[in-house]
Amino acid sequence: MQVPSNWLYPDSLEEAKKVQNELASRVLLQDDFNPLRLLGGMDVSNNPYDPKKMVYAAVVTLDVKSLTLESKAHAAKQQPFPYIPGFLGFRESPPLIEAFQKLPKCPDLFLVDGQGISHPRRLGIASHIGVLLDIPTIGVAKNILVGKPQGELGESIGDYIPLIANGEEVGVLLRTKSKCNPLIISPGHRISLKTAIEIVLACMANYRLPEPTRHAHLTANECRKNYSLS
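Here you go:
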């Protein structure tokens with residue numbers, strides 16, 4: 516699919532909202548992917564005090580059975596859109612796509628650090644990048660952007676409670692490590708919430724973050740540090 520330029524670089528906040536509504540209408544919340552052999556992770560890093568306002572994107576791939584790192588790629592770009600909560604897709608998508616294009620092989624599904632449909636217009640970065648690249652994605656966020664948790668979350672790994680926004684279940688709060696805050700899991704594109712939860716739990720090792728986004732986080736920070744030294 517040829518991506519219109521304004522889907523990546525809107526001229527105004529008003530146009531950005533229109534693009535988000537258009538892309539959100541294309542999000543598929545059903546399982547639509549091949550048998551999983553290679554998983555991907557995406558994350559970005561930045562220095563808030565950087566006068567150049569650079570964004571450092573990382574994309575990694577892992578073997579689905581062993582969760583070992585197979586490949587990684589990164590890109591550094593001056594932010595194309597200002598930092599505005601709810602519009603991070605326009606800031607993060609261009610460098611993420613650039614890094615994605617450097618991968619030797621496309622994963623079957625990506626875990627993305629950020630929101631999926633748990634977003635005011637149902638288009639967090641995981642949904643945004645999923646529609647742009649037409650790839651299955653899961654949103655893995657550390658903080659709630661929209662909605663209210665329903666019920667009391669248990670302390671056991673794998674416990675979860677629904678996250679409801681305007682009467683719609685947009686994700687869950689999922690306990691991925693004992694004595695740690697839960698993660699917000701939401702479908703991004705071409706996946707159901709139920710399957711998203713199952714895949715995230717299958718990607719856990721000994722950390723709060725699932726392995727794909729944990730490795731992407733480390734790679735993005737490494738890219739930022741190396742760039743600052745160059």
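Residue numbering for the sequence shown follows the numbering used here, beginning at 516 and increasing consecutively. Every residue gets a Cβ at the ideal spot worked out from N, C-alpha and C, and that includes glycine. As the structure is a prediction and not an experimental result, all values here were calculated from the model.
CB contact flag (residue i, residue j, <8 Å)
i           : j           : result
residue 626 : residue 718 : yes
residue 654 : residue 673 : no
residue 647 : residue 676 : no
residue 661 : residue 634 : yes
residue 632 : residue 702 : yes
residue 708 : residue 688 : no
residue 742 : residue 591 : yes
residue 628 : residue 732 : yes
residue 608 : residue 739 : no
residue 706 : residue 548 : yes
residue 536 : residue 636 : yes
residue 605 : residue 525 : yes
residue 650 : residue 557 : no
residue 546 : residue 652 : no
residue 576 : residue 620 : yes
Expected contact under 8 Å - CB spacing of residue i and residue j to nearest Å
i           : j           : result
residue 594 : residue 570 : 5 Å
residue 670 : residue 693 : 6 Å
residue 531 : residue 602 : 5 Å
residue 572 : residue 720 : Contact flag wrong, Cβ pair sits at about 23 Å.
For residue i: DSSP bridge partner residues
i           : result
residue 571 : 560 and 591
residue 605 : According to DSSP, residue 605 bridges with nothing at all.
residue 655 : 628 and 700
residue 663 : 679
residue 577 : 554 and 584
residue 687 : 677 and 700
**Three CB pairs or more closer than 8 Å across the segment 678–698 and the segment 569–589** = no
**Asked** Does the segment 548–555 come within contact of the segment 617–636, defined as at least 3 CB pairs closer than 8 Å?
**Response** yes
**Prompt:** Taking one C-beta from the segment 613–620 and one from the segment 532–547 each time, how about it: are there three or more such pairs within less than 8 Å?
**Reply:** no
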